[in-house]
Each structure stands twice: as structure tokens, then as C-alpha cells.
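Asker: My structure is below; once you've seen it, I'll send some questions.
Numbering (this note's numbering), first residue to last: -12 to 155.
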């Protein structure tokens, strides 16, 4: 476990600016929310830098990984996918189109209701996920390397509590 105080970061700089320009504004919660956002972006950037298909985005990878973790036959409807990934329906449609064009996903009608579609991971998509999933998890491990198991459990609990609150 590291005990050194972390160096000031972008969030500290933003808060300093607000304290200076608008001292009456209470921006303490931004310390936490800003860092959650910053860490999420850093993780996405790190995953995107993995040496996989450079034409794919983090969201593209997330969709094929979601199909992989759905289990055999590695297919879901767009509605089911939408419940499992952080994309709008329009964003998911565009993502599925890109993945289909790349040969990573195929789409077909549901046999009992041809108006509905199924997105299915192709063998090429399966192989891509298998090639990089361990690296993706290793990046998450690296992000938490400065914490001991008790701190990780506490952080997980606190983040789950924060996630249950609707900020709107």
C-alpha cells in the first residue's frame, strides 16, 4: 500500500479555479465526482490504446465483450444489449453497424418475430475478445494497484452507494 500523498491533479486545478473565481460556490462534491469521471476516461483511453483494431472504439469493444459474456450462442437483441452497455439506442445501432462491417458481429431476424433482430458475435469477434480480455482486466488491476484489498472493498461499496443515487 502506498502512503505518499498523491500529486495535485486536474480536479484540484479545476477546484482551485472555482474557489478563486467564485468562492461562495461549494464545490466539494466535485472532488469525488470529477475524479470518478477522470478515472473512467483514463481507463477508457488505456483500453483504447491496446493493440487491437484501431478502427474500433471503447464502445465497440464493450459491445463485443458483452456478447461474449452473454455465453453461447453469444447473441442478444439490441434491447438486451442496451440494458448491458452504456450507449443510447442510436449509438448502439451505429456501433452494431460498424461491428457488422468489420465482421465482428452478424445480425439476423428473430425466427419467431422477423421484426426483431439478434446481434451475434462472429468467430472473428469472439477471437478478438479472447485475445484482449485478460489485458483489459489487467488494466483495471493496475488502476487499483495502490490500494490494499480492504480499501478496494470499501471503495467498491461507496461507489455502489453513489451509483444508486440519481443525480438529477
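Heads up, the beta-carbon is just placed ideally off N, CA and C, and yes, glycines get one too.
The alpha helix (DSSP H) that contains residue 93, what's its start and end?
Answerer: Here residue 93 belongs to no alpha helix (DSSP H); instead the beta strand (DSSP E) covers 92 to 97.
Asker: Going by the CB atoms, is the gap between residue 91 and residue 51 shorter than 7 angstroms?
Answerer: Contact flag set, yes.
Asker: Starting from the C-beta of residue 109, find all residues in its chain whose C-beta is less than 8 angstroms away, skip the five residues before and the five after it, and write them out in chain order.
Answerer: 90, 91, 92 and 93
Asker: Among the residues of its own chain, which have a CB less than 7 angstroms from the CB of residue -3, if the five just before and after it don't count?
Answerer: 25
Asker: For the candidate residues 141, 17 and 148, whose alpha-carbon lies nearest to that of residue 156?
Answerer: Outside the shown range of the chain (-12 to 155) lies residue 156, about which nothing can therefore be said.
Asker: For residue 106, tell me which candidate among 155, 145, 86 and 122 has the shortest Cα-Cα distance.
Answerer: Residue 106 has its Cα closest to that of 86, out of 155, 145, 86 and 122.
Asker: Can you tell me whether residue 104 is helix, strand or coil according to DSSP?
Answerer: strand
Asker: Any contact between the segment 95 to 105 and the segment 57 to 73? By contact I mean 3 or more CB pairs, one from each, below 8 angstroms.
Answerer: yes
Asker: According to the neighbour-count rule (16 or more other Cβ atoms, all chains shown, within 10 Å of its Cβ), is residue 112 buried or exposed?
Answerer: buried
Asker: Quick check: residue 37 and residue 103, are their CB atoms within less than 7 angstroms of each other?
Answerer: no
Asker: Could you please give the first and the last residue of the uninterrupted alpha helix (DSSP H) stretch that includes residue 150?
Answerer: 136 to 150
Asker: For residue 25, which three-state DSSP category applies?
Answerer: helix
Asker: Looking only at its own chain, which residues have a Cβ that is under 6 angstroms from the Cβ of residue 129, when we skip the five neighbours before and after it?
Answerer: none
Asker: Measure the Cβ-Cβ separation of residue 79 and residue 69 and say whether it is below 7 angstroms.
Answerer: Result yes, Cβ atoms of residue 79 and residue 69 sit closer than 7 angstroms.
Asker: Leaving aside the five residues before and after residue 35 along the sequence, list all residues of the same chain whose C-beta is less than 6 angstroms from its C-beta, in chain order.
Answerer: Correct list, in chain order: 45.
Asker: Helix, strand or coil for residue 63? Go by DSSP, reduced to three states.
Answerer: strand
Asker: Does DSSP put residue 43 in a helix, a strand or coil?
Answerer: coil
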